[in-house]
Amino acid sequence: MTENGVRILVAEDGSSAAHAALERAVAIVKDRGGAIDLLHVIDTRQYSVSLGEGADVSGKVLYNAEQRAEVALTDMAEPLRKEGLRVNIHLRFGSPRSVVAYDAPKDYETTLIILGRSSKRLVSRMFIGSVAGFVVENAPCDVLIVANPEAAED
1 MTENGVRILV AEDGSSAAHA ALERAVAIVK DRGGAIDLLH VIDTRQYSVS LGEGADVSGK
61 VLYNAEQRAE VALTDMAEPL RKEGLRVNIH LRFGSPRSVV AYDAPKDYET TLIILGRSSK
121 RLVSRMFIGS VAGFVVENAP CDVLIVANPE AAED
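FYI, the UniProt record's numbering numbers position 73 of the sequence shown as 73, with every residue one higher than the one before it.
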C-alpha cells in the first residue's frame with residue numbers, strides 16, 4: 001500500500017466480469033483510499049487472426065478500436081471521478097496477459113490487480129487462454145479474482 005492508499009489495476013474488456021472487478025475496486029478504494037488504474041489492452045494479435053495469416057492490420061482498424069476503447073474507459077471513469085475517486089485511464093497495445101501481468105504493474109506502481117473470472121468453460125480457457133491465470137502466476141503484486149455471477153451460466 002502506498003502512503004496514499006492502495007493502487008488498484010483493473011483490466012477492462014467490456015465484459016460483465018470486468019464490471020464486477022471494477023465494482024470491487026471501487027468498494028476497496030472507498031474503504032481504504034487510493035486510486036484505480038482502469039486499463040484496456042488492445043490485442044493486435046486478435047486483429048491479425050481475424051484478417052488471416054500474413055494480413056496487415058490497417059491503421060484505420062486500430063484507430064477505430066482505440067477510439068471505442070477510449071470512449072468506454074472515459075464513460076466508466078467519469079461517474080467515479082464525480083464521486084471523488086481517483087481514477088486513471090490507460091490504453092495499451094499488446095498481449096493482454098503480459099501487459100496486465102508485467103508492464104502495467106511496474107509502470108503504475110500497482111499494489112493490487114483485480115480481475116473478473118470470465119468463464120468456467122475448460123474449452124474456452126484452453127483455446128483462448130486465461131489472462132487471469134497467467135496474471136496470478138506472474139504478477140509482482142497481489143491479485144484478486146472476483147467471481148462473476150453471470151459466469152455461472154457458462
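Just so it is clear, CB atoms sit at the ideal spot from N, CA and C, and this is done for glycine as well.
Asked: Inter-residue spacing [alpha-carbon to alpha-carbon] between Asp103 and Val135; Found: 11 angstroms
Asked: Local conformation of residue 195 per DSSP, three classes; Found: This structure cannot speak to residue 195, because the chain is shown only from 1 to 154.
Asked: Status (buried if at least 16 other CB within 10 Å, exposed otherwise) for Asn4; Found: exposed
Asked: Residues bridged to Ile89 (per DSSP); Found: Leu38
Asked: Enclosing beta strand (DSSP E) for Val146 [first to last residue]; Found: Asp142 to Val146
Asked: Where the beta strand (DSSP E) through Gly116 begins and ends; Found: Leu112 to Gly116
Asked: Spatially closest choice to Leu73 from Glu83, Ser95 and Leu91, by CA coordinates; Found: Leu91
Asked: Distance, Ala132 Cα to Arg97 Cα; Found: 8 angstroms
Asked: Buried versus exposed, by CB contacts within 10 Å (16 or more), Val71; Found: exposed
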